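Here the sequence shown is numbered in my numbering, starting from 599 and rising by one per residue.
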Amino acid sequence: IIQQRKGKVNLHLDASEPVVCGDEEHLYNLINNLLDNAIKYSPGSPEITVSTGNNGCGIIMMVEDRGTGMSKSVQNKIFDRFYRKPSGNVHNVKGFGLGLNYVQAIVNAHRGNITVHSESGRGSRFDVFIPFNPDNGK
599 IIQQRKGKVN LHLDASEPVV CGDEEHLYNL INNLLDNAIK YSPGSPEITV STGNNGCGII
659 MMVEDRGTGM SKSVQNKIFD RFYRKPSGNV HNVKGFGLGL NYVQAIVNAH RGNITVHSES
719 GRGSRFDVFI PFNPDNGK
């Protein structure tokens, strides 16, 4: 899809330890969902940046776009099940409002955290932290 829209993905994969213990399929879906949202909410040719790093306890991944962004009131609700960002009468972004709720559930199941940084009209960045071994806290 990104190629069809003449967009690009910038990769800054700087995590020296890129491996975590976790559910491979769900972690793949987490990344895929964040990328899919970045594409869907970026008009024109999307420009997305994916960055990784380590903080000593796990991996940090950031997915950033230059899309439509969102207000603070929307940011406070985006992880709620079935919540969809209001778009007036424009329905070009398809979905059921489950994706980010699912992403948050995956992050929580791996004992990590997710935060969003966004500004209307300027884009969004999702920061995800997943510990190397989520069972260390047990």
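Quick reminder that beta carbons are idealized off the backbone N, C-alpha and C, glycines included. If you're wondering where the values come from, they're calculated on a predicted model, not measured in any experiment.
{"Asked": "Please give the ranges of any beta strand (DSSP E) in the segment 655-731, keeping only runs that are unbroken, at least 3 residues long and fully inside the region.", "Found": "656-663, 711-717 and 721-729"}
{"Asked": "Ignore the nearest five residues each way along the sequence and tell me which others in G695's own chain have a CB closer than 6 Å to its CB.", "Found": "F680, Y681 and R682"}
{"Asked": "How would you call D733, buried or exposed, if buried means at least 16 neighbouring beta carbons within 10 angstroms?", "Found": "exposed"}
{"Asked": "Just to confirm the assignment, what range does the alpha helix (DSSP H) spanning I637 have?", "Found": "E622 to K638"}
{"Asked": "Should R664 go down as buried or exposed, given a rule of 16 or more other Cβ atoms within 10 Å for buried?", "Found": "buried"}
{"Asked": "Compare the C-alpha of G710 against each of L698, N731 and R720 and name the closest.", "Found": "N731"}
{"Asked": "Which partner residues of S649 appear in the DSSP bridge assignment?", "Found": "H610 and M660"}
{"Asked": "Quick one: what's got a C-beta closer than 6 Å to I676's C-beta in the same chain, skipping five residues either side?", "Found": "L698"}
{"Asked": "Using a Cβ distance threshold of 8 Å, determine whether the segment 720-727 contacts the segment 654-661, with at least three qualifying pairs required.", "Found": "yes"}
{"Asked": "Rounded to whole angstroms, how far is the Cβ of G642 from the Cβ of E717, which I believe are closer than 8 Å?", "Found": "Wrong, their Cβ atoms sit about 18 Å apart, outside the cutoff."}
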